[in-house]
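Everything below concerns the one structure shown next.
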Amino acid sequence: MPKGVSWRIGLIVLFLVGSSLYLTPTLMGGKLPSWWGGLLPKDKIHLGLDLQGGTHLVLEVETPKAVEGKLDLMITDLEDTLAGKTIRSKQIVKSSLDRIAVTLYDKVSAESVAKLLKDKYPQMELSSPVEEGGFYTVALRMGEKEQQETRDKSVAQALETIRNRIDQFGVSEPVIQREGIDHIVVQLPGIKDPKRAIELIGKTARLEFKLVDEGANPAPGTSIPPEDERLTEKKIDSATGATTEIPLVLKRKTLITGDLLTDAQVRIDSQYNQPYVAIEFNSLGAKLFDQVTAANVGKRFAIVLDSTIYSAPVIRERISGGSAQISGSFTEKEAADLAIVLRAGALPAPVKIIQNVTVGPSLGQDSINKGLLAGLIGVILVVIFMTIYYKLSGLIANFGMVLNIIYLMGALAALGATLTLPGIAAIVLLIGMSVDSNVLIFERIREEMRLGKTAKAAVDAGYDKAFLTIMDSHVTTLITAAVLFQFGTGPVKGFAVSLSLGIIINLFTSLLGTKVVYDFILGRAHVKKLSI
Amino acid sequence: MELIGKTKIDFIGLRKISFVISGIIAFVGLIAIVQITRGAANMGIDFSGGTALQIKFDKPFTTDEIRKALADNGIKEVDLQEIKEGNKLLIKMRKSTGPVGKIAETIEQDFKKAIPGNNFIIESTTEIGPSIGDKLRKDTLVAIAISLLCITLYIAWRFDFKFGIGATVATLHDVLAILAVFFVMNKEVNLLLITAVLTVAGYSLTDTVVVFDRIRENLKKNSKDPLTKVFNASINEVLSRTIVTSLTVFMAAGSLWLLGGEVIHDFAFALVVGVLVGTYSSIFVASPVVVILENRAKK
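As they're listed, the protein sequences go chains A and B.
Letter by letter, the first sequence follows residues 45 to 576 of the numbering used here.
Letter by letter, the second sequence follows residues 133 to 431 of the numbering used here.
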């Protein structure tokens, strides 16, 4: 046997065994024999959402709203603090997107407020009191760095909340990750009811309890006091399905928020057979609820979720113990989803869905079947052509091609890469490209034989001289594959991965894999004329 | 077996004809690029933003009744495309009329009312906000530019600068040709097409490199012969392998085109066009350009 044949065969067999091991879970369809364990690979080739069906979402977190939200919290907090210290303020407002202005009646209280603010919010930029029309205004500004941090934290927090919601909703193997500055990518493979999931994920779920201002006119278009706001209550008639919107005027001040909840569960009202959500407050929430209900017996208390009123029941008596219920006109599913978002907590800022790609499972399966069929036909055509055109040498090239496909699939499984439909296309394309290198080599060998060289010399010269050409053509394809990988997303990335892996593997099989077959045969038998 | 025996075709002499053909193709391709950048071509919603739905009906339908059902519900600017096999319909709306996540739902309800008795399932939904489309369009142009630049540099390094230009012109020609074909046939310009274009850009160089390699080899051997003779001889010598390599890829891409299903149909079509044009350009564009550059350098 010629020198170096055995280690090359060894290498080919080694890769073959490795690929087979990694491919076994995929080929067995997840049903592995009981002795298959330990260090042996267990993961199937991951299928992209375009093949297995599912939903791919890109969400944009409206981070400026997080900054505003933080300022709103500060305002509420300040109002309470000032009231606690019996300092009278004219108004506390957000004067711009990043600023709070506190207006006071006299200079002394303005100075004491400025001092208080400085101690309370050292991270904020404070401006000294300005007099205008007899009032004194102290401005508090959130610095760039602080804003940046708030935004950044809001995205991280939104990610966690969404993860919580999806976990409670129950999706197997979801992918939830941050992309760029304010984007979150959510992938839900094999999801049955994408609409419901999208609604669940996209809901901000800010739960607020506010008092109804019975003195104000709820009719739209009429003026209401500045400390009030007009929201609508949606009522759906369960018999006709018609929606009616009832405007209500509420006190702007939020008395209790959803942050104080510890639990939310769906219950069914035994009397009307209507679903409702039972909520439990933590100790602070329970205390606040107790106080508010005690002080406002007889008034209506609105339960507001994302600026829509769910219900506004009359407080009949003081409620202690920290449990309450949210009823409204919703179905059992809606109630279940409401319970999930309340348990998982509110998003720190609203999210906008900027991309939604949903593929049904039937289309995915259809794509797999057709892709495989196209690949199979491609293989058959190329095998027939090569065998007719290059005879026995064609068979060697075909052997190289089959090795190429097995290695590529093995590599995809081993690297945990995701196979997408364009990825399948790349594999089919590689069927054609993988014999190309051998075509270049065979044509060279034919030329060398025409010059009168012996079989062995012609083969060696053919491989030698074709080497650089093959190298160059592979590198150029690799360059574009790399660019595709860099800028592509989802399916395109899958294409780039399959293509670049295939090209690298092809270099190995065409230069080393097929050559060793020649070396083996020519080393053993005395071949006078090559079948080429 | 041999498909083509020894040939003696004057490829370089044919350049006047081939340059006219390529000139026309490139011109149409440039118009296509202008229209694509303006967003006036048949843009996929991944570039333009909007909504696309693929719906499978139980029974045959007419696009007229669909169009009416949509128009009755206020959706007028819409592209409808029938997929012959299996009563399928592709609906495309470039401008979003509502928030992402809602339009598909609206259409589903509209159809249930407007076309009773013909059940359907929504096989896929794609909704893309306008901000993503803009970013993608920019990224794509950058990607094409970067890959062309890298290829030029590589070829220039491996051969010399004139060959680098020849290869780039040929590659650019292939890119323009695919875009021209898609533009003329009013096929959709989407992310998959760009992927196909970049793949072809990489692949079509294979043929060019094969020819260039042989030219370089022959230039060393027969340095006294006139350039045109060396170039012609080289192209003729490697002609059969140029055609055979393209043929095998053509077989694979072709079966993908005809059998791969509707999602991948246009993508595979772009590959098929690219393989054909790439073969043509490596013979009729790349080498003649180098000859012209070499002759000019000598004068």
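Beta carbons are placed, not taken as given, at the ideal position from N, Cα and C, and that holds for glycine.
For clarity, every value in this text was computed on a predicted model and none was experimentally measured.
- For the region 424 to 443 of chain A, the set of residues with a beta-carbon nearer than 7 Å to any beta-carbon of chain B comprises L425, V426, F429, I432 and Y433, in chain order.
- Bounds of the beta strand (DSSP E) holding A/N400 are V395 to V403.
- In this structure A/R195 is in contact with A/A110, their Cβ atoms being roughly 6 Å apart against a cut-off of 8 Å.
- A direct Cα-to-Cα measurement between A/Y149 and A/L386 gives close to 41 Å.
- Within 10 angstroms of the beta-carbon of B/W389 lie 16 or more other beta-carbons, which makes it buried.
- Residue environment analysis places A/A418 among the buried positions, since at least 16 neighbouring C-beta atoms fall within 10 angstroms of its C-beta.
- In terms of CA proximity to B/F399, B/K319 leads the group B/I424, B/R348, B/K319 and B/K353.
- Counting C-beta atoms within 10 angstroms of its own C-beta, A/Q399 has 16 or more neighbours from the protein chains shown and is therefore classed as buried.
- Taken through DSSP and simplified to helix, strand or coil, A/G546 comes out as helix.
- Inter-segment contact for the region 457 to 476 of chain A and the region 381 to 395 of chain B is present: three or more beta-carbon pairs are separated by less than 8 Å.
- Think of a sphere of 9 Å around the beta carbon of B/Y335: the chain A residues whose beta carbon falls inside it are L473, M477, S517, T520, T521 and T524, in chain order.
- Around the beta carbon of B/E394, a 10 Å sphere encloses 16 or more other beta carbons of the protein chains shown; the residue is thus reported as buried.
- Rounded to whole angstroms, the gap between the alpha carbons of A/I547 and A/I432 is 25 Å.
- Contacts with chain B at 8 Å (Cβ-Cβ) do not include A/G178.
- Counting along the chain, the unbroken beta strand (DSSP E) around A/Y320 starts and ends at Q318 to F325.
- A direct Cα-to-Cα measurement between B/I165 and A/L251 gives close to 51 Å.
- At the C-beta level, B/M225 and B/E209 come within 8 Å of one another.
- If you draw a straight line from the Cα of A/G444 to the Cα of A/I485, it comes to about 13 Å.
- Here A/T521 is buried, its C-beta having at least 16 other C-beta atoms within 10 Å.
- As far as DSSP is concerned, A/E123 takes part in no beta bridge.
- With a cutoff of 8 Å on beta-carbon distance, A/V256 and A/L299 are scored as not near each other.
- Note that the C-beta distance between A/V105 and A/A393 is below 8 Å.
- Our two residues, A/I359 and A/L117, have alpha carbons roughly 26 Å apart in a direct line.
- Under the 10 Å beta carbon count, B/A429 is surrounded by fewer than 16 other beta carbons and is classified as exposed.
- Within the region 80 to 159 of chain A, the complete alpha helix (DSSP H) segments of 4 residues or longer fall at 93 to 96 and 107 to 128, listed in chain order.
- Your pair A/L161 and A/L184 checks out as a contact, with CB atoms roughly 6 Å apart and the cut at 8 Å.
- By the neighbour-count definition (other C-beta atoms within 10 Å, threshold 16), B/F416 is a buried residue.
- Contact between A/V61 and A/V560 fails: their C-beta atoms lie close to 16 Å from each other, not under 8 Å.
- For the region 389 to 406 of chain B, the set of residues with a beta-carbon nearer than 7 Å to any beta-carbon of chain A comprises L391, G392, G393, V395, I396, F399, A400 and L403, in chain order.
- The three-state reading of DSSP puts B/K356 in coil, since its state is none of H, G, I, E or B.
- B/D190 sits exposed, since fewer than 16 C-beta atoms from the chains shown fall within 10 Å of its C-beta.
- CA-to-CA, the gap between A/V321 and A/I210 works out to about 19 Å.
- DSSP places A/V341 outside both helix and strand once states are collapsed to three, so it counts as coil.
- A/M453 is the residue among A/T248, A/D480, A/D313 and A/M453 whose C-alpha sits nearest the C-alpha of A/I468.
- For A/A510, the secondary structure class from DSSP, reduced to helix, strand or coil, is helix.
- For B/R373, the residues of chain A that pass the 7 Å Cβ criterion are V483, L484 and E487, in the order they occur in the chain.
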